[in-house]
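The numbering of the sequence shown is UniProt numbering, which starts it at 1 and goes up by one. Note that the Cβ used here is the ideal one computed from N, Cα and C, for glycine as well. These figures come from a predicted structure and were not determined experimentally. Only one structure is covered here, and it is reproduced in the block below.
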Amino acid sequence: MFIDEYYLNLTNLEKEILNIIFKNAEVFIDIKIQDFAKKLYTTSATITKLIQKIGFTSYKEFQKHLKEEITNRNIEHKNFDASKMEIIAQLEEILENAKKFIKNEFEDISEIIIKSPKIITIGFGNSLIAANEMFQSLSRLGLDSYCTNDIFGNLTLFENISKESLIIFYSHQFKSRTVFRAYELIKSLNLKIILISSNNYISDSFKFYKVIIYKDKNNKNKSFSTKINQITINFILKDLIKQKLNKNIKDKPSILI
Numbered sequence: 001m002f003i004d005e006y007y008l009n010l011t012n013l014e015k016e017i018l019n020i021i022f023k024n025a026e027v028f029i030d031i032k033i034q035d036f037a038k039k040l041y042t043t044s045a046t047i048t049k050l051i052q053k054i055g056f057t058s059y060k061e062f063q064k065h066l067k068e069e070i071t072n073r074n075i076e077h078k079n080f081d082a083s084k085m086e087i088i089a090q091l092e093e094i095l096e097n098a099k100k101f102i103k104n105e106f107e108d109i110s111e112i113i114i115k116s117p118k119i120i121t122i123g124f125g126n127s128l129i130a131a132n133e134m135f136q137s138l139s140r141l142g143l144d145s146y147c148t149n150d151i152f153g154n155l156t157l158f159e160n161i162s163k164e165s166l167i168i169f170y171s172h173q174f175k176s177r178t179v180f181r182a183y184e185l186i187k188s189l190n191l192k193i194i195l196i197s198s199n200n201y202i203s204d205s206f207k208f209y210k211v212i213i214y215k216d217k218n219n220k221n222k223s224f225s226t227k228i229n230q231i232t233i234n235f236i237l238k239d240l241i242k243q244k245l246n247k248n249i250k251d252k253p254s255i256l257i
């Protein structure tokens, strides 16, 4: 489970609890949630809320992740060649994704971005890196854009922007309660959402204006995979946007004085 994606959105207390858990994972893998909570001087409800906030659907699922964490720690550290091969495999996966992207879909999305009066990029955890990178690139191209990972803290902004504005939502898994709450707020304001994610099994109850899905083979270095896949998508979109903006400038008739 991709905890990194949600870590930045936790409170300081929640981060402290999570750090204690992972430093002492062996202690927590086989005990009941009531005993789990007692060891952390908190309540079962607090633990349940935290577990859901970081993307797990149940306490048992979280304990399973802890067991996997312990197993991974005990695996002999990879040598240079093994690390290099793992990176090569991930880059090959990204190349495979890029080959499968459909040009017309990217063309349509780049056109939508250009025509939007304001673009807000949203990301949580590692996905915030791609969201911020896209925001900076759009700003340099002269497009009105903004980036955030705190929708509720920027509620006034969202309530007062044009309904023709565009939200570009980056979420590797699109599974946590934080992500769902953010989506529900945006949809309640009738704003257009483009989702960039690896989740190809999103419920039909979620309605997006456009979706870009990249493949993820559940490799261990999900942090790297998320960043590089999302940045690759950004690069393709930015290149198309730049081409269209340059073409628009060239197509404008010159004014002779």
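How far does the alpha helix (DSSP H) with residue 115 in it extend, from its first residue to its last?
103 to 115
Can you name the residues that DSSP bridges to residue 245?
Paired residue(s): none; residue 245 is not in a bridge.
Among 191, 207, 86, 34, the one whose alpha carbon lies nearest that of residue 158
191
What did DSSP end up calling residue 233 once you bin it into helix, strand or coil?
helix
Can you check DSSP and say which residues form a bridge with residue 166?
119, 192
How should residue 96 be labelled, buried or exposed, when 16 other C-beta atoms within 10 angstroms of its C-beta is the threshold for buried?
exposed
Indicate whether the contact test is met: 3 or more Cβ pairs, each with one atom in the segment 151 to 166 and one in the segment 124 to 134, closer than 8 Å.
no
Check the C-beta distance from residue 90 over to residue 235 and give it rounded, since I have them as a contact under 8 Å.
Residue 90 to residue 235, Cβ: 16 Å. No contact.
If you drop the 5 nearest sequence neighbours on each side, which residues of the same chain put their C-beta closer than 6 Å to that of residue 37?
43, 44, 47
State yes or no: is the C-beta of residue 178 within less than 8 Å of the C-beta of residue 124?
yes
Hey, how far is the Cα of residue 94 from the Cα of residue 82?
19 Å
Suppose contacts are defined by Cβ-Cβ distances below 8 Å. Is residue 121 in contact with residue 151 by that definition?
no
Would you kindly check if the distance between the Cβ of residue 143 and the Cβ of residue 242 is under 8 Å?
no
State the Cα-Cα distance for the pair residue 248 and residue 112, rounded to the nearest angstrom.
15 Å
From the DSSP output, in three-state form, read off residue 197 for me.
strand
Can you grab the Cα-Cα spacing for the pair residue 64 / residue 54, in whole Å?
14 Å
Per-residue DSSP class, three states only, for residue 145
strand
Under 8 Å by Cβ, that's how I've got residue 69 and residue 25 pegged, so tell me the actual separation to the nearest angstrom.
5 Å
Residue 13: buried (16+ other C-beta within 10 angstroms of its C-beta) or exposed?
exposed
Answer with buried or exposed for residue 229, where buried requires no fewer than 16 other C-beta atoms within 10 angstroms of its C-beta.
buried
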